[in-house]
Amino acid sequence: MTSLFDLSGRTALITGSARGIGFALAEGLALAGARVILNGTRDDTVAAAARRLADQGLDARGRAFDVTDEQAVAAAFAQWDHDGVQIDIVINNAGIQFRKPLVELQLSDWQRVIDTNLTSAFIVAREAARRMIARGTGGKIINIGSLTSEAARATVGPYTAAKGGIKMLTRAMSAEWAASNIQANAIGPGYILTDMNQPLVDNLTFDAWVRSSNPSQRWGKPEELVGTAVYLASAASSYVNGQIIYVDGGWLAVL
Ligand SMILES: NC(=O)c1ccc[n+]([C@@H]2O[C@H](COP(=O)([O-])OP(=O)(O)OC[C@H]3O[C@@H](n4cnc5c(N)ncnc54)[C@H](OP(=O)(O)O)[C@@H]3O)[C@@H](O)[C@H]2O)c1
């Protein structure tokens with residue numbers, strides 16, 4: 000049974016993994032046997048995060064690049080081609096939040112949120128899938144959605160549009176790539192304790208609302224997403240395609 004979830008011999012790129020959910024997923028996949036490539040916007044923090052995993056005896060390396068920069072993403076994949084590194088698993092995790100009512104929102108802020116949370120998943124997965132298809136080896140694409148893939152909240156319009164887009168982009172990837180043995184799925188995390196949500200945790204009213212609106216009555220922890228990520232990255236999900244799995248403590252179930 001454990002071999003179903005074994006990621007030995009697989010290489011996984013996890014975008015936005017210098018901290019938060021991405022770091023927990025990188026650690027979890029590495030503990031399941033994968034070689035992991037960490038990413039973020041800064042060389043120093045990406046290198047430090049990779050070192051934290053390597054110090055545990057895990058197979059980790061880092062590569063900083065901006066996931067919204069098509070040329071930078073292409074250059075990273077070209078370098079891996081040159082080095083003989085084949086990406087078998089991609090987790091499109093990099094993301095940002097920006098809170099403002101729609102009527103006050105500048106187009107540039109809308110664009111930045113859409114580019115980082117949605118367009119980046121297309122740019123990165125496209126590079127990976129081209130190679131998976133050419134190799135004939137198949138692969139795994141895991142896109143990180145959100146509760147806002149399903150439910151809108153005030154003041155996070157572009158994030159909601161982007162994460163709703165992630166759900167349908169995941170289905171579009173399945174429609175085109177399933178025949179090449181690529182499984183594209185998404186994870187929709189609930190309210191998870193990370194830097195992104197620190198302003199919400201510090202807001203006593205919001206913190207109380209998160210607890211009272213969730214049947215689990217608490218925030219989630221980044222490591223609670225690892226089981227689903229390993230499942231979707233492994234042979235255990237070989238006939239699961241185009242799905243989004245919510246890991247939210249039951250929040251959507253009682254909406
Ligand atoms: N926390 C939650 O409750 C929650 C809930 C639902 C969904 N999510 C989603 O889960 C993912 C991770 O969230 P998080 O809470 O872990 O966020 P976080 O703690 O703010 O970390 C975000 C990560 O993304 C990276 N990143 C941002 N823009 C990037 C870019 N242009 N290129 C490369 N890397 C970039 C950051 O890099 P730097 O370290 O260099 O800044 C950082 O490593 C996001 O997609 C988010 O929308 C989070």
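Numbering that gives the first Met the number 0 numbers the first residue of the sequence shown as 0 and each following residue consecutively.
Every residue gets a Cβ at the ideal spot worked out from N, C-alpha and C, and that includes glycine.
Asked: On the DSSP bridge assignment, give the partners of I88 in chain order.; Found: A11 and K139
Asked: Between A174 and V89, what straight-line distance do the alpha-carbon atoms span, to the nearest angstrom?; Found: 17 Å
Asked: Tell me, please, which residues DSSP counts as bridged to A183.; Found: I140
Asked: Pick helix, strand or coil for I36, following the three-state DSSP scheme.; Found: strand
Asked: So what does DSSP say about Y333, is it helix, strand or coil?; Found: Outside the displayed span of the chain (0 to 254) sits residue 333, for which this structure offers no information.
Asked: Going by DSSP, what residue range makes up the alpha helix (DSSP H) through G226?; Found: V225 to A232
Asked: Taking its Cβ as the centre, do 16 or more other Cβ atoms sit within 10 Å of Q78, making it buried, or is it exposed?; Found: exposed
Asked: Are there three or more Cβ pairs, one per stretch, closer than 8 Å when the stretch 19 to 26 is compared with the stretch 48 to 67?; Found: yes
Asked: Determine the burial state of W208: buried for a count of at least 16 other Cβ atoms within 10 Å of its Cβ, exposed for fewer.; Found: exposed
Asked: What's the C-alpha gap between Q70 and F76?; Found: 10 Å
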